[in-house]
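With our numbering applied, the sequence shown covers 14 to 219. Note that the Cβ used here is the ideal one computed from N, Cα and C, for glycine as well. Here the structure is laid out as structure tokens; the discussion comes afterwards.
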Amino acid sequence: MREDFKNNEKVSDFWQGKLTQEERLAMIDDPSMVAALLESMGNRPSARKESTEPEVLESSVEKLEKLLKSGEMEFALDLICSGALQDEDYSVMLEGSRIDDNGRPWPSTFCRKVKESANWGWGEEADAKCYQLLALLVNHCSEDAKIDFSLTWISSLNLGESGAYGFYKEIKQLDSLVYLATDRNFPDLASKCPKLEHLDFRRCQE
């Protein structure tokens, strides 16, 4: 019981940013603490308030955004893959995202917001991480989440935008893809895109 109390206190301090970087990394290396953090992905107080004030609850999406902005990308991605998020979380994080009529993937408002705040470097490197985050969310999003239909049935993909190759590299499978415009070779085309009919290296440069 005492150990559970200590773990709960550490989890609370983790989300409130009261731990040092070393303490946060130590928690991530401890399987029991990772399990406690996963359980806490539901609503919890974002800060300790005076007893006379109502508690301010922080959503799972806000917690995930905080992790990404603080540079803890790997841990945040582990949380996305863990199944701890709900359908409504994916609906929020993929809001504004779509594959347009030209096959270009558009990062969601959430992905763009994280990219602007996180220390992901500059130029194509940062763009690629943004597209990778988008693809990861699409990978683990359930069929019940309210997202744009174009993300659930991708038949055409144009990777002409800076860093857009990150979307292709991170996406698990493209079973419905028949057209791909790209400026680079991908060794897994046959397995990832079994229905691919057209590979265009020229349109991607337009």
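Item                                                                                                                  : Value
State the Cα-Cα distance for the pair L146 and V24, rounded to the nearest angstrom.                                  : 25 Å
Whose CA, out of A194, E35, K159 and E183, lies closest to the CA of C94?                                             : E183
Determine the direct distance from the alpha carbon of P200 to that of T122, and round the result to whole angstroms. : 31 Å
Nearest-angstrom Cα distance between R117 and K185?                                                                   : 18 Å
Straight-line CA distance for L150 to A131?                                                                           : 17 Å
Using the Cα positions of K205 and L50, report the straight-line distance between them to the nearest angstrom.       : 33 Å
Which stretch, first to last residue, makes up the alpha helix (DSSP H) that contains S104?                           : D100 to M106
Inspect the beta-carbon positions of L190 and L172 and report whether they are closer than 8 Å.                       : no
Within the continuous beta strand (DSSP E) that includes N171, where are the two ends?                                : S169 to N171
When the Cα of S168 is compared with those of C154, H211 and A141, which residue comes out closest?                   : H211
Report the three-state DSSP secondary structure of A203 (helix, strand or coil).                                      : helix
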